[in-house]
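Undergrad: The sequence shown maps to residues 240 to 314 in the working numbering.
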Amino acid sequence: MMKRALVLITLSIVLSVLIVAVSGCGFFNQPGKTVEEGHRDHLRMLNVNRQEMMEDIDKALLLERPSRLTDKRIP
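1) Measuring only the C-alpha atoms, how far is T309 from L302?
2) Name the two residues that bound the continuous alpha helix (DSSP H) containing I313.
3) Alpha carbon to alpha carbon, how far is T249 from I258?
4) So what does DSSP say about G277, is it helix, strand or coil?
5) Secondary structure at R304, three-state DSSP: helix, strand or coil?
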């Protein structure tokens with residue numbers, strides 16, 4: 240009984256690794272893309288994520304609106 244459970248656990252681990260490998264988690268290159276194209280796509284994605292994060296921070300700190308303060312001195 241214990242041996243059968245060990246075989247089932249080992250089989251499930253092997254199947255899980257194969258599923259992750261086939262799904263494209265970095266084990267294989269993306270089909271139809273060169274390495275340079277994949278690298279360029281990753282850089283573009285990181286750039287877009289950085290821009291969106293900066294927009295969110297500006298909204299949270301209320302920096303997206305122009306200031307209503309004046310640089311003139313009021314007597």
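C-beta atoms are modelled at their ideal positions from N, C-alpha and C, and glycine is treated no differently.
TA: If we stick to the structure as given:
1) Indexing the sequence shown from 1 puts residue 309 at position 70. Indexing the sequence shown from 1 puts residue 302 at position 63. Between T309 and L302, the C-alpha separation is close to 16 Å.
2) Along the sequence shown, read from residue 1 onward, the residue named residue 313 stands at position 74. Neither: I313 is in no alpha helix (DSSP H) and is coded neither H nor E.
3) As a first step, residue 249 is located in the sequence shown; it is residue number 10 there, counting from the start. As a first step, residue 258 is located in the sequence shown; it is residue number 19 there, counting from the start. Cα to Cα, T249 sits roughly 14 Å from I258.
4) Here residue 277 is taken as the residue at index 38 of the sequence shown, counted from 1. G277 falls in the helix class under three-state DSSP.
5) Here residue 304 corresponds to residue number 65 of the sequence shown, with the count starting at 1. Of the three classes helix, strand and coil, the one that applies to R304 here is coil, per DSSP.
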